[in-house]
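A.B. asks: Numbering (UniProt numbering), first residue to last: 1 to 102.
Backbone N, C-alpha and C define an ideal beta-carbon position, used for all residues, glycine too.
Dropping the structure in here first, questions after.
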Amino acid sequence: MTCEGGSFASRVAASLLRAIGLPELVTTSLEDYEALALKLARDPALLASIKTRLAENRSTAPLFDTARFARHLEAAYHTMHARVQRGEPPASFLVEALPAKA
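Spelled out as structure tokens, the structure:
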């Protein structure tokens with residue numbers, strides 16, 4: 001769980017929790033953070049269900065698909081290299097979405 005703040009560094013944990021499918025563990029105030037911590041401490045069944053979802057999502061969430069991430073990064077490198085070879089200046093571009101791991 002995390003308390004999302006205004007700086008980049010303080011939003012990283014919130015982004016990771018959302019990416020793994022656990023947005024309910026993101027709070028926006030210290031009061032909400034404390035309330036959530038107490039709720040989880042007092043409700044073992046709720047905590048267990050969150051742990052179960054985390055374990056299940058590890059096999060399906062793109063966050064943990066490092067091979068797919070590497071393929072996307074390689075595609076970006078190929079695009080950048082091709083642009084340089086054609087004499088084009090640096091520019092933003094999108095990498096086509098690749099299928100998830102099988």
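Hey, quick one: how far does the alpha helix (DSSP H) through Phe69 stretch, first residue to last?
C.D. replies: Stepping through the sequence shown from its first residue, residue 69 is reached at position 69. Taken as a continuous stretch (DSSP letters only), the alpha helix (DSSP H) holding Phe69 covers Thr66 to Gln85.
A.B. asks: DSSP state of Val26, grouped into three classes?
C.D. replies: If you number the sequence shown from 1, residue 26 lands on position 26. If DSSP states are grouped into helix, strand and coil, Val26 belongs with the strands.
A.B. asks: Go to Phe8, then tell me how far its alpha helix (DSSP H) extends in each direction, as first and last residue.
C.D. replies: Here residue 8 corresponds to residue number 8 of the sequence shown, with the count starting at 1. It spans Phe8 to Ala19 - the alpha helix (DSSP H) in which Phe8 sits, taken as one unbroken run.
A.B. asks: Is the separation between the beta-carbon of Leu17 and that of Leu25 shorter than 9 Å?
C.D. replies: Counting from 1 along the sequence shown, the entry for residue 17 is found at position 17. Counting from 1 along the sequence shown, the entry for residue 25 is found at position 25. Taking 9 Å as the Cβ cut-off, Leu17 and Leu25 qualify as a contacting pair.
A.B. asks: Counting only the same chain and skipping the five closest in sequence on each side, list residues whose C-beta sits under 7 Å from that of Leu22.
C.D. replies: Here the question's residue 22 lines up with position 22 in the sequence shown. Counting only Cβ-Cβ distances below 7 Å, and skipping sequence neighbours, we find Ile50, Arg53 and Leu54.
A.B. asks: So what's Thr52 in DSSP terms, helix, strand or just coil?
C.D. replies: Along the sequence shown, one-based indexing puts residue 52 at 52. Reduced to three states, the DSSP call for Thr52 is helix.
A.B. asks: Hey, is the region 70 to 78 in contact with the region 90 to 98, meaning 3+ C-beta pairs nearer than 8 Å?
C.D. replies: yes
A.B. asks: Whole-angstrom Cβ separation of Met1 and Thr28, contact assumed at under 8 Å?
C.D. replies: Taking the sequence shown and counting its residues from 1, the one referred to as residue 1 is at position 1. Taking the sequence shown and counting its residues from 1, the one referred to as residue 28 is at position 28. Going by Cβ atoms, the distance from Met1 to Thr28 rounds to 12 Å, so no, they are not a contact pair.
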